[in-house]
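J.: Pasting in a structure now, in structure tokens, and then I'll have a few things to ask.
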Amino acid sequence: MYEELKKNDKVLFKAVHGELLRQQNKLELIASENYTSTTVLEALGSVLTNKYAEGYPGKRYYGGCEFVDIAEKLAIDRAKKLFKAEHANVQPHSGTQANITAYLSLINPGDTVLGLNLSHGGHLSHGHPLNFSGRYFKIVTINVNKETELIDYEEMAKTIEKERPRLIMAGASNYSRIWDWKRIKKMADAWKCFLVTDVAHYAGLIVAGIYPSPVEYADIVTTTTHKTLRGPRGGLILSKSVYARAVDRTNFPGNQGGPLMHAIAGKAVCFGEALKPGFKDYQKNVLANARRLAKELADRGYRIVSGGTDCHLLSLDLRSKNVTGKEAEAVLDRAGITVNKNTIPYDPQPPMVTSGVRIGTPAITTRGMGRKEMAEVAEYMDEAVKNRGNESRLKEVAGKVENLCKKFPIYPGLES
Ligand code: DSN
């Protein structure tokens, strides 16, 4: 595989091949990552990358769009069916780009947006001061409840009453519990503000029916396609048909130029795969693995933020182990386990240090690991954290991790 790259660009080939081996031989526990199918990879590497297709199917600014139109139409139809949505725009290059489109389809710069604080599990594009969202909108944030570490709907209601946002952005990149979309919709209606939900993390679970869908409640729903959905990197916007025109015009020409047709083809494949019955079983396993991993880690003395998980991710509070998130991320990496440091609610440490790590099971479940392996994963994580000053013990753990990974190949045939 990668024969041309190997022959024509040795330096880049080395990087691509190295990354393939890293993905194969290490445990990928970053909650927002996954392994796409080889069908998605083929679509991504297809000749569709050559085509300019500004506009939408049937209404393009370029000739020669008859085949890319088929791909985009397929992606749109499948997305609508999958999420039971009235309208879908498959062109956003990323989740953040989808969020820019969502805001600007409904409100104007300077308007007030309410979102979950980034250090409580929110996302940069939900109002961080350095992000476009924080620069162009007035942001008010809510925190999770200090005791329960759950979304505090009463605080949310009070904040809405006081700040009168024009738009509520509900969603997270590190919140493992159920969002009560219906309750938030009631608040949005009561105070006449728009509701946008960003389900980038939960999308796969939602289409499998094991996490609540906000599609019937939200004016606009945004998501990425590469996390639990297991597709190519990219964004997707779903909306009520009343916002279809605004969404389409705001995405193009409003905030993007030519769509990435190879990525849209990859999204069409991903949605097709998610419509198949096996996808539901996969998502059930993702959730069951996350719950088992949480239990195994709790049994080893790690505190799970909010006491557990209802999705694919869990947030670990490492303070009882006297290790920061930054140190844990580094030490786990030396043991062949990839995670990301993450703030926990009311974290005493700054964001570049943190007291926690975020862990997810989408990727290890894709490669076929199940409940039995979760005990092994927890054991290796714990061994690494306990032996953080001992390089030879860490090498030993890395060896065990590699042996486990070898039993679950990710792309058989690609490695040679
Ligand atoms: N960076 C993504 C995540 O890890 O959740 C969100 O954009």
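Its first residue numbered -12, the sequence shown is counted upward by one per residue in our numbering.
No residue lacks a Cβ here, since even glycine has one placed at the ideal position from N, Cα and C.
Remember, predicted model here, so these are calculated numbers, not experimental data.
1) Assign residue -2 to one of two classes, buried (16 or more other C-beta atoms within 10 Å of its C-beta) or exposed (fewer than that).
2) When the Cα of residue 35 is compared with those of 104, 227, 57, which residue comes out closest?
3) Do residue 120 and the ligand DSN come close, with the Cβ less than 7 Å from some heavy atom?
4) When the cut-off is 8 Å and only beta carbons count, does residue 165 lie next to chain C?
5) Beta carbon of residue 187: closer than 7 Å to some heavy atom of the ligand DSN?
6) Mapping the DSSP letters down to three states, classify residue 235 as helix, strand or coil.
7) What residues in its chain sit with their C-beta under 7 Å from that of residue 152, if we drop five residues either side in the sequence?
8) Skipping 5 residues on each side, what residues in its chain have a beta carbon closer than 8 Å to that of residue 142?
9) In the DSSP assignment, what are the bridge partners of residue 226?
10) Quick check: does the Cβ of residue 82 come within less than 7 Å of any heavy atom belonging to the ligand DSN?
11) Let me make sure I understand the geometry here. Which of 19, 82, 230, 31 has the alpha-carbon closest to that of residue 254?
12) If we require 4 or more residues per run, which alpha helix (DSSP H) segments fall completely within the region 64 to 115?
13) Give me the Cα-Cα distance between residue 320 and residue 262, rounded to the nearest whole angstrom.
14) Looking at C-alpha atoms only, which residue of 165, 343, 352 is the closest neighbour of residue 277?
15) Using the C-alpha atoms, what's the distance from residue 137 back to residue 103?
16) Give the single residue among 292, 392, 77 whose Cα lies nearest to the Cα of residue 226.
17) Is residue 299 near the ligand DSN - that is, is its Cβ less than 7 Å away from at least one heavy atom of it?
18) Pick out whichever of 343, 377, 274, 294 has its Cα sitting closest to the Cα of residue 350.
19) Less than 7 Å separating the Cβ of residue 110 from some heavy atom of the ligand DSN?
20) May I ask which residues mark the beginning and end of the beta strand (DSSP E) holding residue 135?
21) Using a Cβ-based criterion (distance less than 7 Å to any ligand heavy atom), does residue 163 qualify as near the ligand DSN?
22) Does residue 356 come out as helix, strand or coil in the three-state DSSP assignment?
23) Spatial neighbours of residue 242 within its chain, please: C-beta separation below 8 Å, excluding the five flanking residues on both sides.
24) Between the alpha carbons of residue 298 and residue -5, how many angstroms are there, rounded?
T.: Let me lay it out:
1) exposed
2) 57
3) no
4) In summary, chain C is missing from the structure at hand, where a single protein chain is found.
5) yes
6) helix
7) 99, 100, 101, 127, 180
8) 129, 130, 132
9) 74, 207
10) yes
11) 31
12) 82 to 93
13) 35 Å
14) 352
15) 11 Å
16) 77
17) no
18) 274
19) yes
20) It is not in any beta strand (DSSP E) - residue 135 carries neither H nor E in the DSSP assignment.
21) no
22) coil
23) 84, 87, 88, 91
24) 43 Å
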